[in-house]
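*Asks:* Per the numbering used here, the very first residue in the sequence shown carries number 0; after that it's consecutive.
Built from N, CA and C at the ideal position, the CB exists for glycine as well.
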Amino acid sequence: MADQNSNVVVDKGQSRLSDLWTKEDYWAIWLGFLVIFVCLFAYFNFGPKEEFSQKIAKYNAIQQEEAAKAPFKTLEWYKAQDGKKKLKASSSGFGKFVKEWTARPNSWKTNPLDAFMMSEAAANAKNEKGKPAYEKAKAATAAAFAEAKIAQEAAAAASFQSADLNAAAQAKIADWRAVAKKESSAKKKVSHKPYNVIPTLIGLCAFFIVFFGIGIHFMGKSVSGFAKGFGIVFLVSVLAYTLGAHSISKQYGFGAEAWGVLLGMLIANTIGTPSWVKPACEVEYFIKTGLVLLGAEVMFNKIVAIGIPGIFVAWVVTPVVLISTFIFGQKVLKMPSKTLNMVISADMSVCGTSAAIATAAACRAKKEELTLSIGLSLVFTAIMMIVMPAFIKAVGIPEILGGAWMGGTIDATGAVAAAGAFLGEKALYVAATIKMIQNVLIGVTAFGVAVYWCTRVEVEAGKQVGAAEIWHRFPKFVLGFMAASVLFSVLDTNLGSDLGYSMLDQGVTRGGSRLLRGWFFALSFAAIGLATNFRELAHYFKGGKPLILYVCGQSFNLMLTLTMAYIMFYVVFPEITAQI
């Protein structure tokens, strides 16, 4: 049976106690939670939790006092808010250590070596070049603050009873915030420091061999074979990060994920992927571990924060689009492979690669079908993250509506954030939050597909599939994803929004789990490319049905999401929209 299922994303079989230390899905959970617990222990035992708690209490007292005094957010209120935002546990010793040893290639324009190293002289030269703009922005911020202070004092002199003076003060404060944001951007151009990421990249490669090698050993595979080939997978990932960090790639949203697949495919379909590299192309192992870490970033408070409109956009539209696209593929396009049909439908409607992996495992899709689906997703994600913000601005769609639209339709979380940031802060917040709410459906989708496949599809094919097969089929790593989400949601609730932001969001996740998750995803995409042969994919494109399915499904998704977002945010719950 092993040979029969060697090309399937996950094998069919009986569940045993030994699965806990011999199966890939469980090792993804154990390794993911090893990262999570190490980060939690380090940040909460050696981090600045007590110091941050005291400062947050002081800033909250200021904000409460200001809120009681004025009918609008005063200068002092915003300064206290800025003070809280600067409290980041990732700036602690452990955070700096993790950031240094998980460093990726840096941005560059003309010389690829700039991605890997910068001398002190070069850093100083860049800082000097950016100084005039920074000094100008700094002076503009100071002037705007002075004007806002005068306007606020005038409103205060009238005991904040004059609507005109209050409005004038609010306008001046808004101007100061806008100018201060430009100063913050300018400051980054005078904050360059020398670096050399080559030694840390070598160390990171060695760490990954040991980290993933533990599971490789217990799964009964060759650790030495994995170690021999891993260097090439890691090198492709590094090159993908390097190309993704180029100014033009960043401008057009062509990131490391797409470059990893392209570079890997180029190697696989020209000189060919060497046989000694293939044991290291553990696509599912890498990405499943990363998906467990993704769960730490999906917290319930974010779902509650945006309210019912966001939940409707994410949880009502998504299953409708998924089911409709699958039916369209079967009834209209008559796609011969139901598994390919389902994986593309889930990839396009839920959240891209993450949902594709979980769904492929649930319906036992072939690995080349998963590769094809991910390839389509990456191409359309890159197009949509550029075209959608430009279109939204051109036709004058409101910022919040635009953010909701992108959050529900663009596949990758990173691409959603980039597209949202192009529109503005509110669009970024709404888009990223809706995408996080949608990510919750990864587990629900996997379970639903497993049930459907076991009780409908394979029974219709004449196979006797027992109820226990649903458990065998269900991708176990999803349990790790869900457990991480619950754990971090509980921790965030207990800590409170401010301390949770400083210690969890800006500490454990951004200063630990997210950094490694990015690498795990990059390794997976590089491995996908290295393991992909165009000749094996050619017959799936016969008649262009996968492409037609994706285009039609995404078109339906775009229309339905925009309609639902408008109804929820502007017709049914306009009061929630007004508070965002």
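Going by other Cβ atoms of all chains shown within 10 Å of its Cβ, with 16 needed for buried, is Asn-165 buried or exposed?
*Replies:* Buried: at least 16 other Cβ atoms inside 10 Å.
*Asks:* List the residues that DSSP assigns as beta-bridge partners of Met-116.
*Replies:* According to DSSP, which records beta bridges pairwise, Met-116 is partnered with Asn-195.
*Asks:* With a threshold of 8 Å on Cβ separation, who are the neighbours of Leu-74 within its own chain once the five nearest residues in sequence on each side are excluded?
*Replies:* Hits under 8 Å: Phe-144, Ala-147, Lys-148, Gln-151, Ile-172, Trp-175.
*Asks:* Can you give me the C-alpha to C-alpha distance between Phe-572 and Pro-308, rounded to a whole angstrom?
*Replies:* Approximately 7 Å, taken between the alpha carbons.
*Asks:* Which runs of the beta strand (DSSP E) at least 3 residues long sit entirely within the segment 403–439? Give them in chain order.
*Replies:* Entirely contained in the segment 403–439, not one beta strand (DSSP E) run reaches 3 residues.
*Asks:* Ignore the nearest five residues each way along the sequence and tell me which others in Lys-544's own chain have a CB closer than 6 Å to its CB.
*Replies:* The residues are Leu-332, Met-334.
*Asks:* Hey, is Leu-427 close to the ligand HEM, as in C-beta under 7 Å from one of its heavy atoms?
*Replies:* Among the components of this structure there are no ligands whatsoever, and the ligand HEM is therefore not found.
*Asks:* Less than 8 Å separating the beta-carbons of Phe-327 and Cys-38?
*Replies:* No, Cβ-Cβ distance for Phe-327 and Cys-38 is not below 8 Å.
*Asks:* What separation, rounded to the nearest whole angstrom, lies between the Cα atoms of Ala-420 and Ala-177?
*Replies:* The alpha-carbon atoms of Ala-420 and Ala-177 are separated by roughly 15 Å.
*Asks:* Report the three-state DSSP secondary structure of Trp-107 (helix, strand or coil).
*Replies:* In this structure, Trp-107 counts as strand in the three-state DSSP scheme.
*Asks:* Exposed or buried, which one is His-191 when buried takes at least 16 other CB atoms within 10 Å?
*Replies:* Buried, by the Cβ-count rule.
*Asks:* Where does Lys-95 fall in DSSP's three states?
*Replies:* Helix.
*Asks:* Under a Cβ-count criterion, where at least 16 other Cβ atoms within 10 Å of its own Cβ denotes burial, should Arg-455 be classed as buried or exposed?
*Replies:* Exposed: under 16 other Cβ atoms inside 10 Å.
*Asks:* Taking Gln-80 as part of the alpha helix (DSSP H), name the residues at either end of that continuous run.
*Replies:* 74–84 is the extent of the alpha helix (DSSP H) around Gln-80.
*Asks:* Hey, could you find the ends of the alpha helix (DSSP H) Cys-38 is sitting in?
*Replies:* 23–45 is the extent of the alpha helix (DSSP H) around Cys-38.
*Asks:* Quick test of your reading: Met-567 and Val-312, contact by CB under 8 Å. State the CB separation rounded to the nearest angstrom.
*Replies:* Yes, they are in contact, since the Cβ atoms of Met-567 and Val-312 sit about 6 Å apart, within 8 Å.
*Asks:* What does a CB cutoff of less than 7 Å around Ala-354 pick up in its chain, not counting 5 residues either side in sequence?
*Replies:* So the qualifying residues of the chain are Ala-345, Asp-346, Ile-441, Thr-444.
*Asks:* Buried or exposed: Asn-123, going by 16 or more other Cβ atoms within 10 Å of its Cβ?
*Replies:* Exposed is the call here.
*Asks:* Tell me whether the beta-carbon of Tyr-549 lies closer than 8 Å to the beta-carbon of Leu-265.
*Replies:* No, the Cβ-Cβ distance between Tyr-549 and Leu-265 is not below 8 Å.
*Asks:* Take the Cβ of Arg-513 as the centre, count every other Cβ of all protein chains shown within 10 Å, and call the residue buried at 16 or more, exposed below.
*Replies:* It counts as buried.
*Asks:* Please list, in chain order, all residues of the same chain as Ala-79 whose beta carbon is under 6 Å from its beta carbon, the five residues on each side excluded.
*Replies:* Tyr-58, Ile-61, Gln-62, listed in sequence order.
*Asks:* Consult DSSP for Lys-333 and reduce its assignment to one of helix, strand or coil.
*Replies:* DSSP places Lys-333 in coil when its eight states are reduced to three.
*Asks:* In its own chain, which residues sit with a C-beta less than 6 Å from the C-beta of Trp-585, not counting the 5 before and 5 after it?
*Replies:* Residue coverage of the chain in this structure runs from 0 to 579, which leaves residue 585 outside it and unanswerable.
*Asks:* Can you check whether the CB of Leu-557 is closer than 8 Å to the CB of Val-319?
*Replies:* For Val-319 and Leu-557, no; Cβs fall outside 8 Å.
*Asks:* Hey, Tyr-42 and Ala-88: beta-carbon distance below 8 Å or not?
*Replies:* The answer is yes: Cβ separation under 8 Å.
*Asks:* How should Val-232 be labelled, buried or exposed, when 16 other C-beta atoms within 10 angstroms of its C-beta is the threshold for buried?
*Replies:* Buried, since its Cβ has 16 or more Cβ neighbours within 10 Å.
*Asks:* For Ala-460 and Phe-533, I'd like the C-alpha separation in whole angstroms.
*Replies:* At Ala-460 the pLDDT is 49, less than 50, meaning the model places this residue with poor confidence; the figure from the coordinates comes in the next sentence. Distance between the alpha carbons of Ala-460 and Phe-533: 29 Å.
*Asks:* For the alpha helix (DSSP H) containing Ser-52, list its first residue and its last residue.
*Replies:* Run containing Ser-52: 48–68, per the alpha helix (DSSP H) assignment.
*Asks:* Decide if Arg-15 is buried, meaning its Cβ has at least 16 other Cβ atoms within 10 Å, or exposed.
*Replies:* Arg-15 is exposed by the Cβ-count criterion.
*Asks:* Ordered along the chain, which non-local residues of its own chain (more than five positions away) have a Cβ less than 6 Å from that of Ala-564?
*Replies:* Closer than 6 Å at Cβ, skipping near neighbours: Val-312, Leu-400, Ala-403, Trp-404.
*Asks:* DSSP three-state label for Lys-130, please.
*Replies:* In the structure shown, Lys-130 sits in a helix (DSSP, three-state: H, G or I).
*Asks:* For Phe-299, which residues from the same chain have a beta carbon less than 7 Å from its beta carbon, with the 5 sequence-adjacent residues on both sides left out?
*Replies:* Once the five neighbours on either side are set aside, the close Cβ partners of Phe-299 are Ser-488.
*Asks:* Can you tell me whether Ile-391 is buried or exposed, with buried defined as 16 or more other CB within 10 angstroms of its CB?
*Replies:* Buried is the call here.
*Asks:* Assuming the contact rule is C-beta atoms closer than 8 Å, Trp-107 and His-245 should be a hit. Round their C-beta distance to whole Å, please.
*Replies:* 6 Å between Cβ atoms; contact.
*Asks:* Taking Trp-518 as the reference, which of Gln-169, Tyr-240, Leu-503 has the closest Cα?
*Replies:* Selected option, being the one with the closest Cα: Tyr-240.
*Asks:* Does the distance from the CB of Asp-491 to the CB of Gly-479 come in under 8 Å?
*Replies:* Cβ distance not < 8 Å, so Asp-491 and Gly-479 don't count as in contact.
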